[in-house]
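Chains as they are written, first to last, in my numbering: chain A, 468 to 846; chain B, 468 to 846.
Next up, the structure:
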């Protein structure tokens, strides 16, 4: 069953006539998710409950979209427009239906909200409300969640494949990273290898020395110095992203503080791993990890100021509630969800450490799709 | 004057109390534009008419944002939140003001609309309307247009610099592109060089053979074959992007059709160049280019099915009306706007050709910041 067919089924369950995706300059990831190709100009994808799917795009991208859909076996009509004046009369009959799902979020400022579905922009929203004033629009959040949060067997195979390729590349790092290279040069080399077979799933974070204390450091032209080197990177091939962090020591004689933190962090990750299991509440892996860190004498509230993990899939930050020790108790993991497990410890202005692996939630135990080394790699 | 100060001035002209940017998972480019750093988690930037600027971000990214603002000499208070429950009471007092500008577009389905300002998402919009029901929100389109469409001297220097670096790389292509490499490998090499000094301004289009007939082809693992090779690529360093297309011939004996099309297209681009001048209506460069192609016997309506150019700046597709022969007559170019000039001819299923250069609009003539070769490069 292709994604259009699965979406069509979900739409019928919700008594919707169609699911409309509006995308302009890559504003909605669900365009690439459904089409399998990136269309940049303004376009509309209409998944129809009756199977008469349509895509309305600019002439210049229509051929590319048609080819991509044929490759995926999707039966959808691709229509093209030339100007905005030409677009409007072609769009109206497609969406002039009683009940249409749209990618907007509800209650985004509450924990239980659906910010993950929030893609359509305000101007676009009011423009179509005006165009078809009698249509009822409802949030596509349930469709998005069903389509993306639990992964299919094909997606899980893609994940194993993309993680394997990423790990093989990470293993080569000690061979080519040298003191004096810049952070950017390391990023460039990683992404060069990715681009040959896929694309970076996000801009690699390469953080040397004190930069490693910023979990979302923007990779800079600073030269690699002896000490901590943190690399957080991922690849996308086909439908799935990898997302892995390894922390290295550059030069001789890693400090005792580093060696100890590395060891304890590794163990805290292993502790958490035991709780990435179906039906376990989301907060539990994070709580067990933090309890362990506290027991070992680390002030986790001060030193570990981000969540333990996030859903991973078509996007590096995918659909599904995060793994945080303060997550609402009713959020639970499901079989074949995919999560990162990434504890970290950061001493502001000094250095930081993070170990991030990707896991598939299983019935009895998780499948660890990636690994960190038990002892830190010395470069 | 830094960007916050300039925005503050524009805001006062519009009798606004603040300009609020809501950004989550890179949903609004104006975050990176203002902060000079990419923050990925949900954050709020408030440019205040009274100069008391504020940024509200997650703890993990607050330090990075603070450092970036200090580097730019921006006086803004960075506040962090931990959970959504913690965010709401911190956000409310910041935006509980009479009149606030927001990044939404109006009349996006008309030529005169402001789709370029449309960034805020529907769920976010209604969430803050609910939070501060007495606040009047107005479109930030005029602020965005003033800040971004006409470039400052510093931005123009950045442009010259980034274009020079891109051209130097393009000139090396005949040295390393070989028959049998994949399109992806060429993209990877280009972006590797970019990443060392900046970042790709968009995913490079590398199109061999029939792929060159798709103007927005998604670079594939197809091997380079003898014949047409189209490369459309750009780099971003600091504040500006380059965007250049060169079309090559791979192998011996370029066909006469190709040589002729290349020559005529080059001349059509030169014709258009004469009209990238302040106060000229936008449609004119496109019309003159198309008239020339028609005169030379090319059915431009069928073979050249995209606009002649787009604004270039902080984004590869920047703020400003496109250069299209059907553009409304009242759109006019202004001094120090930056545009692409990119005529193309495409024979579907066979091959295509495009030549794209970047120009700065001048008072008497444009400044050509990039070039295409007069005769095609044979690889």
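Idealized CB from N, CA, C, for every residue including glycine.
Separation of residue 475(B) from residue 588(B), as counted between CA atoms: 23 Å
Given a cut-off of 8 Å on the beta-carbon distance, is the pair residue 525(A) and residue 548(A) in contact? yes
Entirely enclosed alpha helix (DSSP H) segments - the region 633–672 of chain B, minimum 4 residues: 640–643 and 650–664
Check distances from the C-beta atoms of the region 568–579 of chain B to those of chain A and list, in chain order, the residues that come in under 7 Å. 571, 572, 573, 575, 576, 577 and 578
Cutoff 8 Å: residue 682(A) Cβ touching any chain B Cβ: yes
Residue 510(A): first and last residue of the uninterrupted beta strand (DSSP E) it sits in: 510–515
Short of 6 Å in beta carbon distance, which residues of its chain neighbour residue 792(B), apart from the five on each side in sequence? Order them along the chain. 750, 753, 754 and 757
CA nearest to the CA of residue 772(B), picked from 820(B), 509(B) and 785(B): 820(B)
Spatially closest choice to residue 667(A) from 642(A), 701(A), 688(A) and 677(A), by CA coordinates: 701(A)
Euclidean distance between Cα positions of residue 522(A) and residue 679(A): 45 Å
Pick out the complete beta strand (DSSP E) segments inside the region 547–609 of chain A, 3 residues or longer, and give them in chain order. 566–569 and 603–606
Where residue 655(A) meets chain B, residues with beta-carbon distance less than 7 Å: 659, 662 and 663
For residue 808(A), which of helix, strand or coil comes out of DSSP? strand
Would you say residue 810(A) and residue 775(A) are within 8 Å of each other, going by their C-beta atoms? yes
Can you check whether the C-beta of residue 590(B) is within less than 8 Å of a C-beta belonging to chain A? yes
State whether the region 728–736 of chain B contacts the region 653–667 of chain B, with contact taken as three or more CB pairs (one from each stretch) at a distance under 8 Å. no
Would you give the residue range spanned by the beta strand (DSSP E) that residue 699(B) belongs to? 694–700
Measure the CB-CB distance between residue 677(B) and residue 818(B) and report whether it falls below 8 Å. yes
Residue nearest to residue 469(A) in terms of C-alpha spacing, selected from 495(A), 489(A) and 538(A): 538(A)
Where residue 630(A) sits in the DSSP three-state scheme: helix
Assign residue 825(A) to one of three DSSP states: helix, strand, or coil. strand
Please confirm if residue 550(A) has its CB atom under 8 Å from at least one CB of chain B. yes
Residue 797(A) versus residue 761(A): straight-line alpha-carbon distance, rounded: 25 Å
Give a yes or no on whether 8 Å exceeds the smallest Cβ distance from residue 784(A) to chain B. yes
Could you confirm whether any beta carbon from chain C is found closer than 8 Å to the beta carbon of residue 772(A)? No chain C appears in this structure, whose protein chains are A and B.
Between the Cα of residue 542(B) and the Cα atoms of 519(B), 560(B) and 561(B), which residue gives the shortest distance? 519(B)
Roughly how many angstroms separate the alpha carbons of residue 566(B) and residue 598(B), rounded to a whole number? 14 Å
Report the option in 649(A), 479(A) and 502(A) whose CA atom is closest to the CA atom of residue 488(A). 502(A)
Nearest neighbour of residue 737(B), chosen from 833(B), 517(B) and 803(B) [CA to CA]: 833(B)
In three-state terms, what does DSSP make of residue 611(B)? helix
Taking 8 Å as the CB-CB cut-off, is residue 530(A) touching chain B? yes
Classify residue 834(A) as helix, strand or coil using the three-state DSSP reduction. strand
Chain-order list of residues whose beta-carbon lies under 7 Å from that of residue 473(A) (same chain, five-residue window excluded): 614
Please report how far the alpha carbon of residue 670(B) lies from the alpha carbon of residue 595(B), in whole angstroms. 34 Å
Taking the alpha-carbon of residue 708(A) as reference, which of 510(A), 601(A), 838(A) and 626(A) has the nearest alpha-carbon? 626(A)
Neighbour-count burial assignment, residue 688(B), 16 or more Cβ in a 10 Å radius: exposed
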